[in-house]
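K.L.:
First the structure, which I've put down as structure tokens, then a few questions once you've had a look.
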Amino acid sequence: EGGTSFEDVKAILGEPDSVSTNSYGGTQSMFVTWHDSSLKGIASFTVSFTNNLATGKGYSGFSLVNHNEKVTLDEFNAIVTDGSFSYDQAIEQFGQPDSESESLFYGSYSNIVSWHNANGSFGANFDITFKDGYATGKGQYGMK
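Residues in the sequence shown are numbered from -2 upward in steps of one, following the working numbering.
Rendered as structure tokens:
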């Protein structure tokens, strides 16, 4: 189970900035990171591999998003995690996320999506965890 090979990802993204490996039983895991040098190492893209095939990916620190409105604590509290709130609804309601990590584990796709356009104290943010495209968890810090 898995996706693109390490060699194919490396051909697309170039040489990684760091590679961490681990072996357990007959399984080899790698966690590979590329940094955007133009942003002085702040932005990163990571890919996890199991037996040389991609099983997860994530990004953070890229200035891809310009949120004009702040999400309030009331809006956050209205997010339901009973499997009826979809990833697409979250993107439509809150805009593109500031960071996201995805993984494939035993045929189930999950991701954690974070937004930093939260109304509240300095550093206020929130995240939503999705399993197979539907919210199953959420968390926030410093929202008002």
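Where is the CB? At the ideal position from N, CA and C, for every residue including glycine.
Bear in mind the structure is a predicted one, so any value in this text is a computation, not a measurement.
Given a threshold of 16 other Cβ atoms within 10 Å of its Cβ, counted over all protein chains shown, does V6 qualify as buried or as exposed?
P.N.:
As a position in the sequence shown, residue 6 is number 9, starting the count at 1. When all chains shown are included, V6 counts as buried.
K.L.:
Q137 bridges to which residues according to DSSP?
P.N.:
One-based indexing of the sequence shown puts residue 137 at position 140. Q137 is bridged to F123.
K.L.:
Return the first residue and the last residue of the beta strand (DSSP E) that Y106 is part of.
P.N.:
One-based indexing of the sequence shown puts residue 106 at position 109. It spans 105 to 112 - the beta strand (DSSP E) in which Y106 sits, taken as one unbroken run.
K.L.:
Would you say the segment 110 to 129 touches the segment 15 to 33, given that touching needs at least three Cβ pairs under 8 Å?
P.N.:
Too few Cβ pairs lie closer than 8 Å, so no.
K.L.:
Quick check: what's the CA-CA separation for P13 versus F3?
P.N.:
Translated into positions along the sequence shown, residue 13 becomes position 16. Translated into positions along the sequence shown, residue 3 becomes position 6. The straight-line gap from Cα to Cα measures roughly 10 Å.
K.L.:
Please list the terminal residues of the continuous alpha helix (DSSP H) segment that includes F42.
P.N.:
For the purposes of this step, residue 42 is taken as the residue at position 45 of the sequence shown. F42: not part of any alpha helix (DSSP H); member of the beta strand (DSSP E) spanning 41 to 47, first to last residue.
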